[in-house]
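Trainee: In my numbering, the protein residues as written are 16 to 229. Beta carbons are placed, not taken as given, at the ideal position from N, Cα and C, and that holds for glycine. Dropping a structure here in structure tokens format, bear with me for questions.
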Ligand SMILES: [Zn+2]
Ligand SMILES: [Zn+2]
């Protein structure tokens with residue numbers, strides 16, 4: 016992402032690519048290229064929100080992020096009884112796409128739910144290829160900075176699940192589950208060392224698969 020509106024935050028953990036040189040010793044044969052993700056607005060999303068999300072995904076996860084053109088409201092996922100959008104339907108739809116990057120992150124202004132929960136900030140395919148985030152409940156009317164911070168955290172967290180990471184109990188880890196915004200606001204915008212190791216492994220798998228697919 017060139018020229019992001021909000022740069023990567025200071026104090027951020029090294030990206031997974033930088034980790035290639037550390038003492039973990041995993042996969043020294045990884046080529047110097049980045050894995051890709053498509054960030055897909057489903058309905059109208061403020062371009063600044065898209066830039067912030069893309070910049071943070073790039074910085075924290077080491078994933079090159081392309082911002083796709085605006086898509087229409089995901090009407091196929093609308094539940095008239097709940098007046099919300101079924102996140103699982105959106106994930107299935109995104110995962111079917113053959114064009115573009117191997118990973119897909121939908122971002123939408125509409126409120127999302129899944130059958131067993133009244134709402135979700137985001138939802139993802141564990142170890143799959145798609146995730147979706149709703150900014151609907153993340154907005155802080157008093158603070159645009161806090162709104163951006165929440166959106167960045169949820170986007171990176173959901174992509175973490177796509178990399179196969181489950182929830183983490185470490186208090187200083189972005190993979191910790193946040194039921195409420197207060198909990199989300201307490202989380203750092205980086206992973207604990209164990210989760211970071213898994214992210215690095217996930218990136219290597221992704222690169223290997225995309226090279227084989229060429
Ligand atoms: Zn989660
Ligand atoms: Zn963790």
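Among residues of its own chain, excluding the 5 on either side of residue 47, which ones have a beta-carbon nearer than 7 Å to its beta-carbon?
Mentor: Low confidence applies here, because residue 47 scores a pLDDT of 49, under 50, leaving its location unreliable; read the following figure in that light. Nothing meets the Cβ criterion.
Trainee: Once the 5 residues before and after residue 225 are set aside, which same chain residues still bring their CB inside 7 Å of it?
Mentor: 50, 117
Trainee: So what does DSSP say about residue 105, is it helix, strand or coil?
Mentor: Secondary structure at residue 105: helix, using DSSP grouped into helix, strand and coil.
Trainee: Would you grab the beta carbon distance between residue 100 and residue 92 for me? Rounded to a whole angstrom, and I think it's under 8 Å.
Mentor: 4 Å
Trainee: So, are the CB atoms of residue 64 and residue 166 less than 7 Å apart?
Mentor: Yes, the Cβ-Cβ distance between residue 64 and residue 166 is below 7 Å.
Trainee: Can the beta-carbon of residue 53 be found less than 7 Å from the beta-carbon of residue 119?
Mentor: The beta carbons of residue 53 and residue 119 sit closer together than 7 Å.
Trainee: Give every residue of the same chain whose Cβ lies closer than 6 Å to the Cβ of residue 213, excluding the five residues on either side of it in the sequence, and list them in chain order.
Mentor: Excluding residues within five positions, the ones whose Cβ falls inside 6 Å are 180.
Trainee: Can you tell me whether residue 173 sits near ligand 2, meaning its C-beta is under 6 Å from at least one heavy atom of the ligand?
Mentor: Distances from the CB of residue 173 to the heavy atoms of ligand 2 are all 6 Å or more.
Trainee: Compare the C-alpha of residue 138 against each of 193, 198, 62 and name the closest.
Mentor: Just measuring C-alpha positions, the residue of 193, 198, 62 sitting nearest residue 138 is 193.
Trainee: Can you list, in chain order, the residues of its chain with a C-beta nearer than 6 Å to that of residue 141? Leave out the 5 residues immediately preceding and following it.
Mentor: 176
Trainee: Apart from the five residues on each side of it in sequence, which residues of its chain come closer than 7 Å, Cβ to Cβ, to residue 97?
Mentor: 128
Trainee: Report the start-end ranges of each beta strand (DSSP E) in the stretch 99 to 160 that is 3 residues or longer and not cut off at the edges.
Mentor: 99 to 101, 118 to 123, 127 to 129, 132 to 135, 137 to 139, 145 to 149
Trainee: Among residues of its own chain, excluding the 5 on either side of residue 161, which ones have a beta-carbon nearer than 6 Å to its beta-carbon?
Mentor: 155
Trainee: With DSSP collapsed to three states, give me the class of residue 202.
Mentor: coil
Trainee: Can you tell me whether DSSP reads residue 88 as helix, strand or coil?
Mentor: coil
Trainee: Does the Cβ-Cβ distance between residue 105 and residue 89 come in under 7 Å?
Mentor: yes
Trainee: So residue 78 is in the alpha helix (DSSP H); what residue range does that whole segment cover?
Mentor: Careful: residue 78 lies outside any alpha helix (DSSP H), inside the beta strand (DSSP E) at 78 to 82.
Trainee: Answer yes or no: do residue 132 and residue 86 have a C-beta to C-beta separation smaller than 7 Å?
Mentor: no
Trainee: I'd like to confirm something about residue 192: is its beta-carbon nearer than 6 Å to some heavy atom of ligand 2, or not?
Mentor: no
Trainee: Is residue 146 closer than 7 Å to residue 4 when the C-beta atoms are compared?
Mentor: Residue numbering for the chain in the displayed model covers 16 to 229; residue 4 lies beyond these limits and cannot be assessed.
Trainee: Determine the direct distance from the alpha carbon of residue 67 to that of residue 168, and round the result to whole angstroms.
Mentor: 10 Å
Trainee: Please find out if some non-hydrogen atom of ligand 2 comes closer than 6 Å to the beta-carbon of residue 188.
Mentor: yes
Trainee: Can you list, in chain order, the residues of its chain whose CB lies under 6 Å from that of residue 158, leaving out five sequence neighbours each side?
Mentor: none
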